[in-house]
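Residue numbers (this note's numbering): -10 to 179. Note that CB positions come from ideal geometry on N, CA and C, so glycine has one too.
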Amino acid sequence: AWTILFAVGYVFLISVTYWDATSPSYLESEYSPLVIICSAPFVYYVVPKMRPRWSLAAFGMIYCIRVTCIVIAAAPFTNRLVIMGKMMENMRTKNLTKAIVTNSSQTDEALITKWGAPVESLFLSKLSGEMPQRTFIFLDSAEMKTFNIASKDTLLGTWEKRAARNINSRYITLDTSVPYTVISYSKLME
């Protein structure tokens, strides 16, 4: 009864909080704590009454099902990484360290979500060994008006802009010698 009450309460809170969410992958991550709530009775009441061989078989089956789900769900995320990698490679070719990418309707579905692009691109660049790291953000003309895109020492994020001095320089080095370059997605990918 407690498990059902907490599970229903959690689903209610998620529904109220994310009533306008459109991305299934984002909602899946919000629902993941529900697994812990719902599996507690199984772990605390059913498993102790099972023979060790059967409990091991049950956990093995659950593990195999979850690994299969991960493999099936990996394709869109792998594709996303490929697209972002091509964008970073083209930025390198065009000698861009900071870019504002516009007209990106071609990538809307393929990238699943775009809000993480500024930080993800920094990490991809760091993992490639680049110094300073490259970064890009997706913005439309209305969003560009809310940011000072001419600033040289600022990292533009989806919800905030951050001064380069406020970024941990031990890990990330932002190019502070040039401002962001506005470029369309199609032009970047030429």
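Would you decide whether residue i is buried or exposed? Buried here means 16 or more other CB atoms lie within 10 Å of its CB.
{"i": "T124", "result": "buried"}
{"i": "A88", "result": "buried"}
{"i": "Q122", "result": "buried"}
{"i": "I126", "result": "buried"}
Quick one: grab the DSSP three-state call for residue i.
{"i": "R40", "result": "coil"}
{"i": "F136", "result": "coil"}
{"i": "V90", "result": "strand"}
{"i": "R123", "result": "coil"}
{"i": "K75", "result": "helix"}
{"i": "A152", "result": "strand"}
{"i": "L177", "result": "helix"}
Can you give me the start and stop residues for the beta strand (DSSP E) that residue i sits inside?
{"i": "I172", "result": "170 to 173"}
{"i": "L145", "result": "143 to 145"}
{"i": "I(-7)", "result": "Where I(-7) is concerned, there is no enclosing beta strand (DSSP E), although the alpha helix (DSSP H) it sits in stretches over -9 to 6."}
Below 8 Å on the Cβ atoms is my guess for residue i versus residue j; work out the distance and round it to an integer in Å.
{"i": "L(-8)", "j": "C27", "result": "With the sequence shown as reference, residue -8 is identified as Thr, and Leu is not the correct amino acid for it. Right, their Cβ atoms sit about 6 Å apart."}
{"i": "L177", "j": "M76", "result": "6 Å"}
Looking at the unbroken alpha helix (DSSP H) that takes in residue i, where does it start and where does it end?
{"i": "L113", "result": "106 to 116"}
Rounded to whole angstroms, what is the Cα-Cα separation between residue i and residue j?
{"i": "S44", "j": "C58", "result": "21 Å"}
{"i": "M50", "j": "P37", "result": "17 Å"}
{"i": "I185", "j": "F31", "result": "This structure cannot speak to residue 185, because the chain is shown only from -10 to 179."}
{"i": "A62", "j": "A139", "result": "39 Å"}
{"i": "T170", "j": "Y160", "result": "23 Å"}
{"i": "P22", "j": "A(-10)", "result": "18 Å"}
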